[in-house]
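Numbering (my numbering), first residue to last: 3 to 142. In this text, a Cβ means the ideal position worked out from N, Cα and C, and glycines have one as well. Note that the coordinates shown come from a computational prediction; the quantities given were computed from them, not determined experimentally. Working notes, structure below.
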Amino acid sequence: MSLTGSCLCGASTFEAELGPMGAGACHCGMCRKWSGGVYLSVDCGESVKFKEGAPLGSYKGSEWGERVFCKDCGSSLLWQTQDGKNQHVSIQCFEDPSQFEIGMELFIDRKPSSYALEGERNKMTEAEIFAMFADMEVEK
Ligand SMILES: [Zn+2]
Ligand SMILES: [Zn+2]
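Below, the structure written as structure tokens:
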């Protein structure tokens, strides 16, 4: 499925393809600080193509991750691994976020008790996620 999206001011527009993991929520402390809420994102593989001249900034928040934002309006746009693969785009960049079903909640043990998402879905703790990444490292 082909998708288009943009930041708040419209200077950073992009095209992307929907990836196999669909949409998920991340409750980790970095995502919450960066996005200003729970980070809801859509897997776009490595397909995101920004408009030429888009005023993009990036922040390397961890050894492997990078967060891309619009320098003009400050909108959070996507999290990606530093090799530019595994791009997870903010669901709020898209015209109709309700087109994506939130299939997974990550870092559920980092979620503040002050909010919760409605509905049932797969949930992963920090320990489960790091175990999964460790397995992926071995496969390389
Ligand atoms: Zn912008
Ligand atoms: Zn996170």
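Range covered by the beta strand (DSSP E) that runs through residue i
{"i": "Cys72", "result": "Gly67 to Cys72"}
{"i": "Thr6", "result": "Ser4 to Ser8"}
Alpha-carbon to alpha-carbon, residue j and residue i
{"i": "Asp74", "j": "Gly38", "result": "17 Å"}
{"i": "Asn88", "j": "Asp111", "result": "23 Å"}
{"i": "Asn124", "j": "Ala27", "result": "10 Å"}
{"i": "Cys46", "j": "Trp81", "result": "10 Å"}
{"i": "Ser78", "j": "Glu97", "result": "15 Å"}
{"i": "Met23", "j": "Glu130", "result": "17 Å"}
{"i": "Met138", "j": "His90", "result": "18 Å"}
{"i": "Gly31", "j": "Phe71", "result": "17 Å"}
{"i": "Ile93", "j": "Phe52", "result": "16 Å"}
{"i": "Thr15", "j": "Leu5", "result": "11 Å"}
{"i": "Phe132", "j": "Gly67", "result": "14 Å"}
{"i": "Gly7", "j": "Cys95", "result": "5 Å"}
{"i": "Gly86", "j": "Ala118", "result": "31 Å"}
{"i": "Glu65", "j": "Thr127", "result": "20 Å"}
{"i": "Phe135", "j": "Val50", "result": "23 Å"}
{"i": "Gly63", "j": "Arg69", "result": "7 Å"}
{"i": "Ser115", "j": "Cys11", "result": "32 Å"}
Cβ shell of residue i (< 6 Å), same chain only, five flanking positions each side left out
{"i": "Tyr41", "result": "Cys28 and Cys33"}
{"i": "Lys113", "result": "His29"}
Cutoff 8 Å; reference residue i; Cβ partners in own chain excluding five residues on either side
{"i": "Glu19", "result": "Met3, Ser4, Leu5, Cys46, Gly47 and Ser49"}
Q: Please go through the segment 60 to 113 and give each complete beta strand (DSSP E) segment of 3 or more residues, from N-terminal end onward.
A: Taken in chain order, the unbroken stretches of beta strand (DSSP E) that lie wholly in the segment 60 to 113 and span 3 residues or more are 67 to 72, 78 to 83, 90 to 92 and 104 to 108.
Q. Which parts of the segment 15 to 44 are runs of the alpha helix (DSSP H), unbroken and 4 residues or longer, counting only runs that do not cross its ends?
A. As far as the segment 15 to 44 is concerned, its whole alpha helix (DSSP H) runs of at least 4 residues are 31 to 37.
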